[in-house]
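Participant: First residue of the sequence shown? That's 34 in this note's numbering, and the numbers climb one at a time after it. Yeah, the Cβ is synthetic: ideal placement off N, Cα and C, and Gly gets one too. Please read these numbers as outputs of a predicted model, since none were measured by experiment. Quick one: the structure is below, and I'll ask about it shortly.
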Amino acid sequence: MAITEQIIQDFRQGKKSAFDRIYASYAPGMYAICLRYARCEDDAQDILQESFIKVYTKREQFRSDNSIGAWIKRITINSALSYIQTNYRLQLSDEERTFDQAILQNQDNEQNERQKVDQLMKVLQALPIGYRTVFNLFVIDNLSHQEIAEYLGISESTSKSQLFKAKKMIRELLKQETVKHDG
């Protein structure tokens, strides 16, 4: 359902039915964002819930000259980052370390789109939290290294290093997954 100006106006005035419509329209997409940052579905649901609590409590701050979807996305990303900093041990390091990697499930040799998406999500979730966070912010959410540095309180060079290492690790994990399926 399309979100009309009237729905947005009603939402800003605190009408529950308008909030429910906005939630129904945007929650699935925001949940996908939460999944990219979270370690598991339960954490993603917690982030989503926290995000929409903020959307509701900050509804009067929404400016109609902006896209409500972009505004909700920004709140969701900020909620995910806050959740990570509060609940995960976010480690951003320039030195190589050994990381525990999640066990990726074996998949059939069929490589349809859904399996590729699932495989990529598993690979992303197998990344250490620092790598995954920088990768998501840069590649998926299109933030610059300067913006990432400001969000995370790190240097731009650390952001660049984390992205480089994340890409390298993704390639290795995908290569390992390919060997599993071919062997």
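Between Gln-118 and Asp-79, what straight-line distance do the alpha-carbon atoms span, to the nearest angstrom?
Facilitator: 14 Å
Participant: Determine the extent of the alpha helix (DSSP H) in which Gln-46 is found, giving its start and end residues.
Facilitator: Careful: Gln-46 lies outside any alpha helix (DSSP H) and carries neither H nor E.
Participant: Suppose only complete runs of 3+ residues qualify. What are the beta strand (DSSP E) ranges in the segment 156–200, listed by chain order?
Facilitator: none
Participant: Quick check on DSSP: helix, strand or coil for Thr-131?
Facilitator: Unreliable placement is indicated for Thr-131, whose pLDDT of 34 sits below 50; no coordinate value is reported for it.
Participant: What are the boundary residues of the alpha helix (DSSP H) that Ile-80 is part of?
Facilitator: 74–90
Participant: If you draw a straight line from the C-alpha of Thr-37 to the C-alpha of Leu-196, how long is it?
Facilitator: Distance from the CA of Thr-37 to the CA of Leu-196, rounded to the nearest whole angstrom, comes to 39 Å.
Participant: What number of angstroms, rounded off, separates the C-alpha of Glu-189 from the C-alpha of Tyr-56?
Facilitator: 35 Å
Participant: Taking just the CA atoms, how far does Ile-41 sit from Asp-98?
Facilitator: So the alpha carbons of these two residues sit roughly 12 Å apart.
Participant: Among Pro-161, Ala-159, Tyr-184, which has the Cα closest to the Cα of Leu-170?
Facilitator: In this structure, Tyr-184 is the residue among Pro-161, Ala-159, Tyr-184 with its C-alpha nearest to the C-alpha of Leu-170.
Participant: So does the segment 85–94 actually touch the segment 68–75, counting three or more Cβ pairs closer than 8 Å?
Facilitator: no
Participant: Which residues in the same chain have their Cβ closer than 7 Å to the Cβ of Lys-198, if we skip the five residues on either side of it in sequence?
Facilitator: Tyr-164
Participant: With Val-88 and Ile-66 assumed to form a contact (beta carbons below 8 Å), what rounded beta-carbon distance in angstroms separates them?
Facilitator: 13 Å between Cβ atoms; not a contact.
Participant: Excluding sequence positions up to five away, which residues of its chain have a Cβ less than 8 Å from the Cβ of Ala-60?
Facilitator: Leu-81, Phe-85
Participant: What residue range does the alpha helix (DSSP H) around Asn-120 cover?
Facilitator: 101–120
Participant: Give every residue of the same chain whose Cβ lies closer than 7 Å to the Cβ of Thr-131, excluding the five residues on either side of it in the sequence, and list them in chain order.
Facilitator: The predicted position of Thr-131 is uncertain, since its pLDDT is 34 and thus under 50; no value can be drawn from it.
Participant: Let me know the secondary structure DSSP gives Ala-35 once reduced to three states.
Facilitator: coil
Participant: Does DSSP put Ile-40 in a helix, a strand or coil?
Facilitator: helix
Participant: Would you tell me roughly how many angstroms separate the C-alpha atoms of Leu-237 and Val-172, rounded to the nearest one?
Facilitator: Because the chain spans 34 through 216 in this model, residue 237 falls outside it and cannot be assessed.
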